[in-house]
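Quick notes on the structure that follows.
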Amino acid sequence: MQSPFSKDYFDLFGLPVSYNVDSDKLAQRYRELQHTIHPDKYTNSSDQERRLSLQLTAQVNQAFQTLKSPILRAEYLLELHGAKPGERDNVMNPEFLNEQMELRERLSEITTCQDPQSELIIINNELKKRIDDLQKKIGQQFDLGTTDALKIAGMIFLEMQFIVKLQQEIAELEMELTTE
Amino acid sequence: MALFQISEPGEVIEPRRGLAAGIDLGTTNSLVATVIDGQAQTIPDNQGKHLLPSVVRYTNESTSIIGCDRKEAVFDDPLNTVCSIKRLMGRGFADIQNGQKQFPYEFVKSISGMPLIKTVGGDKSAVEVSADILKELKQRIEKRLDGKLDGVVVTVPAYFDDAQRQATKDAARLAGLNVLRLLNEPTAAAVAYGLDKGAEGVHAIYDLGGGTFDISILRFNKGVFEVMATAGDTALGGDDMDKIIADWIKEEAGLANETELFLHRCVLCIATKVKERLTEDDCYSFEISRSDGTNWHGELTREKLNELIDPIIKKTLIPCQRVLKDAGISKHDIKDVVMVGGSTRVPRVQQLVHNFFECQPLTSIDPDKVVAVGAAIQADILVGNKPDNEMLLLDVNPLSLGIETMGGLVEKIIPRNTPIPILKNQEFTTYKDGQTAMMIHVVQGERELVSDCRSLARFELRGIPAMAAGAARVQVTYEVDADGLLNVSARELISGVESRIEIKPSYGLTDNEVEHMLRDSLSHAEEDMESRQIREKQVEAVRIIEAVEAALAEDGAQFLNEQERLDIENALDVIKKVQHGMDHRAIKHAIEDLDKASTELAVRRMNASIRRALAGRKLEEFSN
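Note that the protein sequences, when read in sequence, are chains P and C. In terms of my numbering, the first sequence has 138 at position 138, counting the first letter as 1, and numbering is strictly consecutive. Just so we're on the same page, my numbering is the position in the second sequence counted from 1, plus 1000.
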């Protein structure tokens, strides 16, 4: 989104363009920016300033959501570099796909498990480890920044997407199990 | 008011203190609060009562009795006495039919599909009934403050959807109030507590009112209240407990098949009383007169009561579970649970909440008053009485906002618990060759099927140039403002064709309808529409003149060249000539011109303040 205020989300928060974001610093600047621009600070200003404040706050919120989330941050960086994989680039590592199929199978059988809750926790922990690992790897590729590295980053991003989707499904399952 | 102040040139005028109030428009009771001598407090009526029952009785003399004792009026005149109207806010006729038993009134359908309650005083919409309650509170506070209110903060359940929020704002407008902000009730409660205790950390706000339930998780850090997640149920509350108790009484007394409305209401009132008494006592006895003249003697113990209401309380724990998940925390991260709403007085509620969160519930501020008090604090800030204040509220949208896609599925555009205000774009394309129009269906809710979500609005983008299927690029923009209200626009990017609507619920009030009601309500009031418009524009002119002059004095020299400064000064001269006149169109015109002339200054000032906010940090980085 074009903005009269900043080049990109990183610039908006005064942070270097990098996958490795200092989350404390990010949260602190988020609060500082909100103190300056939030619509509540402009209730007695001209309509002009109130509109601007609304626009800018919406943008800061969007930027914060993006930079805070490992997966959205990866996607945004790929977009910034013009390296986001398209639908045709969807060729995934067969090994990874196998692993995913296996996990899905375990999930679909979960309700027949003796203790579905603890089985979910086990799967969740595995996924958490996987995603931490992928984050580390994608960060390294972004640091390298070459065309080849960005291509690899794109592949890693697709794998992250798979896992995040699984995590969401597990969260839903957990809700169902606890509210039954 | 600044308008009437006479001052010598060069004399410094103390800025006038704004008159502001916080209003809690509740299912059972409503309150108004304001800050007096630095203390936020609820304002009583002339009999010393703080709580205004949210009950309006309509009579055939076209007067309405507001805040009447529910019990009395309900017995005398059940069909014309409206209570729990909050449950009908933003609801369509179909919603009412599903749960009509809950509402012992006769309904008619308005032309736009809204349910209207048939009374001897005319057919009333939920918005009108709410406006009557708000007018009463407005009168009360203006009498106390001895002046007209500049603005109010009106609270809504955090889990209110767009239609319910819009209905609340319409009601306030209809009551002649200037809404500074719609504020979520749990957030308001947190403000009241936060300033009281100054407690940093993560807090849960459990808000169980007469008809709505909210659970919010907030982080309080260096004056910033950040809502991490919110969940709830807008049709769950103390009313439901009363109903279950009433059903039990009817069953026990052999009245289960009685259909008479009077008896139904009568038993409901007894049920409410039984519930209230059992917060203190362990057992309560009562009598019911049957229609055959005999009496039935009943008794309810606390233990039995708990058994009856447990299903309702447990229903509140499901959103509690969800909100923890959405906030990404466990219950051990929570420092305390703030209890809000009259229904949290029920001991069993406190007990089960305690068990769930494993920490002691906070009840030190009166759970009926805490929301109004928090709203008053925020209103005082928003009206400009505390320019150096550091407090800031960052809220979220409670329900996902989506769009209908092929096959009746929902694609989420703004997920629930996204911080607001927010703006998001999504691109869609045509699916048929030569397609020139596209239907945009805006929905709210968490489910995957459109039929399971709430429909907010439908509109059509027309005039798309004929292209092959998939060639057009339609960008749909969702924009949620700081009140949590949604605007949607759609634009075809290649041709630039645009369509834009402010979301009004499919069956809600249109702007014209609100305008019309406003006109009706003013026709026998002291002022007419014309003079109202003039006054509104005059006030707006004062505000913009003050704002632009302040900006010019502060930053004009720094940010403007000679020509730009002259343009603004000329626009200021023009508006000052017309601002006290009686031609509201001329004032409007001058406001627009001044607005245009000062655009650049506004952008540059905003830019500079962002830079200032980050400047210290950047230096620190460079020196590293």
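In this text, a Cβ means the ideal position worked out from N, Cα and C, and glycines have one as well.
- For M1339 of chain C, the three-state secondary structure derived from DSSP is strand.
- The three-state reading of DSSP puts R1181 of chain C in strand, counting E and B together.
- S69 of chain P and K136 of chain P have their C-alpha atoms roughly 14 Å apart.
- When rounded, the separation of the alpha-carbon atoms in V1323 of chain C and L1268 of chain C is 33 Å.
- Nearest in C-alpha terms to Y1193 of chain C, of all of C:N1425, C:V1346 and C:T1363, is C:T1363.
- In the three-state reduction of the DSSP assignment, C1083 of chain C falls in the strand class.
- At least one CB of chain C lies nearer than 8 Å to the CB of R31 of chain P.
- With contact defined as three or more Cβ pairs closer than 8 Å, the region 1172 to 1187 of chain C and the region 1380 to 1398 of chain C are in contact.
- The residues S1400, in chain order, have a CB closer than 6 Å to that of E1446 of chain C in the same chain once the five nearest residues on each side in sequence are set aside.
- In this structure, N44 of chain P and R1543 of chain C form a Cβ contact; the two beta carbons are roughly 7 Å apart against a cut-off of 8 Å.
- DSSP places G1238 of chain C inside the alpha helix (DSSP H), whose first and last residues are G1238 to E1252.
- Here A1020 of chain C is bridged, per DSSP, to C:G1151.
- One thing to note: I163 of chain P has its Cβ within 8 Å of the Cβ of I131 of chain P.
- Counting only residues of its own chain and dropping the five nearest sequence neighbours on each side, I1545 of chain C has a CB closer than 8 Å to the CB of L1572, I1575, K1576, Q1579 and L1594.
- Under the DSSP assignment, N1570 of chain C falls in the alpha helix (DSSP H) whose first and last residues are E1562 to V1578.
- The region 1119 to 1129 of chain C makes contact with the region 1057 to 1066 of chain C: 3 or more CB pairs, one atom from each, lie closer than 8 Å.
- Put simply, the CB of I1377 of chain C is far from chain P, with every gap to its CB atoms at 8 Å or more.
- Cα atoms of E1460 of chain C and V1488 of chain C: separation of roughly 12 Å, rounded to the nearest angstrom.
- Residue-level contact by beta carbon holds for M1606 of chain C and chain P, with a gap shorter than 8 Å.
- Listed in chain order, the positions of the region 1398 to 1423 of chain C with a beta carbon within less than 9 Å of a beta carbon of chain P are T1418, P1419, I1420, P1421, I1422 and L1423.
- One Cα belongs to G1556 of chain C, the other to Q1538 of chain C, and the distance between them is close to 25 Å.
- In the three-state DSSP reduction, L1486 of chain C falls in the strand class (E or B).
- Using a Cβ-Cβ cut-off of 8 Å, L52 of chain P counts as an interface residue toward chain C, since at least one Cβ of chain C sits closer than that to its own.
- Sequence-distant Cβ neighbours of A171 of chain P in its own chain, meaning closer than 6 Å and more than five residues away, do not exist here.
- For I1381 of chain C, there is no enclosing beta strand (DSSP E); the residue is found in the alpha helix (DSSP H) stretching over V1370 to L1382.
- Taking C-alpha positions only, F1428 of chain C is separated from M160 of chain P by approximately 25 Å.
- Beta bridge pairing from DSSP links H1203 of chain C with C:L1218 and C:D1336.
- As DSSP reads the structure, T1405 of chain C sits in a beta bridge with C:L1409.
- From the beta-carbon of Q1435 of chain C, no residue of chain P is found nearer than 8 Å; the closest lies around 22 Å away.
- Secondary structure note for N61 of chain P: its alpha helix (DSSP H) is the uninterrupted segment D47 to K68.
- In this structure, the CA atom of V1154 of chain C is about 9 Å from the CA atom of A1376 of chain C.
- Ranking P:Q167, P:S118 and P:F142 by CA distance to the CA of P16 of chain P puts P:F142 first.
- In the structure shown, R1491 of chain C adopts extended strand secondary structure according to DSSP, grouped into three states.
- Any Cβ of chain P closer than 8 Å to the Cβ of A1471 of chain C would place that residue at the interface, and such an atom is absent.
- Secondary structure note for S1598 of chain C: it is in no beta strand (DSSP E), with a DSSP letter that is neither H nor E.
- When DSSP states are grouped into helix, strand and coil, V1497 of chain C belongs to the coil group.
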